[in-house]
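The structure under discussion appears below in the form of structure tokens.
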């Protein structure tokens, strides 16, 4: 890990992609790449984070992200503790800050937090000596998702520089979209967003993206298409007339895909609504890298845990 | 473990007892027997499955089975991750297959699954490179339960050959009954089933069992009596008039037990409804091997995890 | 750990403080003190309890206590399994005793149990060969909480002998109060309780405490003030008119605090209702040792796990 150490990662927390420089993103992606091999070994485990305490504090349910973090922690030999909302003393009325301070008092090293309120991880990061990882804060950011997405594209294309990414769906309510806009833009990609007008946030152009309201136009010549999961409760009138209408206008089908480049990469953060935002033939088709995203999720989270706990700074070998 | 290796276990998955040959069942029971000793050590842990990732994906609640699998995994030093329905993204509408493929993409080695739909583990086993263990699929099979039951009887009687097993209760809705019918029959035992007519599945005789509708007749000369847990919601008219009536006709009491052989073994897969299908004096009596079943459950699950992950094939020592 | 071994800890279980002698409490506190250092290391883990199986069986939700126990177990390298009520087969009607016997049959070493019924841990301890730790039984005892409280005060004052402790709140419904009354009294402290008449149990004087119904009088000259968490559902008429009234009469404010000694220690077992039983300025003020309590909780639980599993008796090094 010498190169990483020299590049000098110094952040305590991973709160969002917006703050990260291109060099920082590259450090994480490089580190993740070097960690990928561990998960392919017969014995998928290294002692790197032995004796570190990592708490996953999830105020929103999640299989995928929590499992990915937990597997990442265990493959690094860290001690992982899960706390989910329903069993939490939050219901007893304790403030989030008190909960976090208590965990800190138990000498935790990393707090991985998902919370419906944007900014929660930032608030905790200021107060806690432990590293804080944002695993999703409201509609704001989901940085490890964007990092795994960037790693997936970089693996296939070598670079993100100059690529055209189109993100399709409910941009307004998507932390995945936000984090990816920041990340891909920082890495030199061009980003377009596509969706119904009610799902495009006002002023999104200021993030440096082009806006389209028509799927085929939006994905024309795209190198990468990222379909967002659509919340079915938003397809009941207020944002869009119906699920069927949504699928017809914004669902990615083989037919629509003809507009994109022949070697386009298809991404989806999951969980997928097959037949709504993405047709099964597309999800399972040759250009889909959806399962690569999941594989890279573990590697990215291993890398982030490693970097934040001082792996690079103090030169812990793995 | 040389003998096992030579015998050549080759299956990737454990989906049911129906498919297993007598030799395969014997391999598992022999391996389990050799693992029992580990749980009696001062340090109950071997490094055999270090660095393996085992996911317990339970779509039905379970203390007993999930805990038994988790303890088995930990005693073999595997990394165990629990996913239970209520916190799962299933609620978000992802298909089971997508959930499983995602776990596979995280490089899991073994998926232990319990699901209300019969055949679910089989479907996943076809698609996933990982080993799949059926921890209960609907009313179909619960193979590790039958294996631990067979181990328990074999320990006490030396063989299952020629023994008379009587299974009592709601045969129609019991995966435990089904798996044990397959297993004990394959091992050369004679199997009877006893229950009210509404709880005996049509055509059960084709599985090679004798049917009785009277408890005392059914357990006459039995070497082993296996009481099934009765679902209380089935004792409200549709299947049986009342709990009290059920206990009177099909509950195993000391009085009823007089019909069985004097050295009969009493089994129950748990959790027990004391005073309904089994009288406390019987459950706690001298011929009860109910707690042996639980002890053997850990050993059987260690053996299955070991065999499926290639222990025997690749000769990993433990 | 030689000194501990010589002093001769011999109990199998930790059920309550009421049974403990002064010497026994001192053994636990001394052991905890020696374990505190582990949690401050770069690698916060020792192999002391490797291969031990510890089950946390919680019939009441808890973040704090369960997490503290789980972290303690993991820092000692034990295998920790969590079972919480909602996913438990208790809902299927199995008796608690059967659940516990089943866990025992899986060869568990320590059962940590929280249950709404007072006396539950005692009942289990009589039946199980495994060590039982009471993590809270109804309104009766919560011994590890009192031990961490005593450790926290002893650290600051050197001794509990002769100190004046005032416990404020709903004494009648507090296992924390009960355990602390026993503990501080055994250690030679003077204990006062303060609360509204409806929350002071009849006959509490027989425990050797002085009763006050006025906050300022009760905390006069106190060395230690322990505020209890008030259950908001008890502030709706039956026990007290309203939350606001409670805060006014029994909430610890800077104003009220003037009556106490200038170097008074402020404690709270958490989770806190800020602005109800304790003002934020007091909770976060210079004399608050509330977070020290949390830190000491991990150390005390490590010590208890160590002592009960025979650390001192058999001389396992750590």
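Chains as they are written, first to last, in the numbering used here: chain A, 16 to 333; chain B, 16 to 333; chain C, 16 to 333. Glycine included, every Cβ here is placed at the ideal spot set by N, Cα and C.
Residue 259 of chain B and residue 291 of chain B have their C-alpha atoms spaced approximately 7 angstroms apart. Secondary structure note for residue 151 of chain A: its beta strand (DSSP E) is the uninterrupted segment 146-152. The C-alpha of residue 185 of chain C is placed about 15 angstroms away from the C-alpha of residue 282 of chain C. The beta carbon of residue 82 of chain C falls within 8 angstroms of a beta carbon belonging to chain A, placing the residue at that interface.
When secondary structure is reduced to three states using DSSP, residue 133 of chain A falls in the coil class, being assigned neither helix nor strand. The region 32-79 of chain C is shown to contain whole alpha helix (DSSP H) runs of 4 or more residues at 37-51, in chain order.
The beta carbon of residue 60 of chain A falls within 8 angstroms of a beta carbon belonging to chain B, placing the residue at that interface. For residue 199 of chain A, the uninterrupted alpha helix (DSSP H) segment begins and ends at 190-201. A distance of 8 angstroms or more separates the beta carbons of residue 154 of chain A and residue 132 of chain A.
For residue 231 of chain C, the enclosing alpha helix (DSSP H) has its first and last residue at 230-234.
Looking at the DSSP output, residue 242 of chain A sits in a beta bridge with A/183. Sorting B/238, B/231, B/213 and B/144 by C-alpha distance to the C-alpha of residue 206 of chain B places B/238 at the top. Each of A/152, A/64 and A/60 was checked against the Cα of residue 188 of chain A, and the nearest Cα belongs to A/152. With a 10 Å radius around the Cβ and a threshold of 16 neighbouring Cβ atoms, residue 257 of chain A comes out exposed. Listed along chain A is no residue with a C-beta nearer than 8 angstroms to that of residue 312 of chain B; the closest approach is about 24 angstroms. Per the coordinates, the alpha-carbon of residue 172 of chain C lies some 27 angstroms from the alpha-carbon of residue 144 of chain A. Taking a C-beta distance under 8 angstroms as the contact criterion, residue 150 of chain B and residue 182 of chain B do not qualify as a contact pair. Closer than 8 angstroms to the CB of residue 89 of chain C there is at least one CB belonging to chain A. Non-local C-beta neighbours of residue 225 of chain C in its own chain, meaning closer than 7 angstroms and more than five positions away in sequence, comprise 207, ordered along the chain. Nearest CB-CB separation between residue 66 of chain C and chain B: below the 8 angstroms threshold. One thing to note: residue 93 of chain C has its Cβ within 8 angstroms of the Cβ of residue 67 of chain C. Under DSSP, the beta-bridge partners assigned to residue 127 of chain A are A/71 and A/148.
Boundaries of the alpha helix (DSSP H) around residue 317 of chain A: 305-323. Between residue 170 of chain A and residue 203 of chain A the beta-carbon gap is near 16 angstroms, outside 8 angstroms, which marks them as no contact. Listed along chain A, the residues sitting closer than 7 angstroms to residue 116 of chain B by beta-carbon distance are 306. Between residue 292 of chain C and chain A, the shortest Cβ-Cβ separation is not below 8 angstroms.
The C-alpha of residue 117 of chain A lies about 15 angstroms from the C-alpha of residue 141 of chain A.
Inclusion of residue 69 of chain A and residue 95 of chain A in the CB contact set at 8 angstroms is warranted, their separation being smaller than that value. When the beta-carbon positions are compared, residue 234 of chain A and residue 288 of chain A stay at least 8 angstroms from each other. Sequence-ordered contacts of the region 42-58 of chain A with chain B read 54, 55, 56, 57 and 58 [C-beta pairs closer than 8 angstroms].
Here residue 232 of chain B is exposed: its Cβ has fewer than 16 other Cβ atoms, across all protein chains shown, within 10 Å.
Straight across, the Cα-Cα distance linking residue 130 of chain A with residue 111 of chain A is about 10 angstroms. The shortest CA-to-CA distance from residue 252 of chain A to any of A/190, A/58, A/214 and A/242 is the one to A/214.
Using a 10 angstroms sphere on the CB of residue 63 of chain B, the tally of other CB atoms reaches 16 or more, which defines it as buried. Residue 287 of chain A has a beta carbon lying within less than 8 angstroms of a beta carbon in chain B. Proximity of residue 78 of chain B to chain C, defined by a Cβ-Cβ separation below 8 angstroms, is satisfied.
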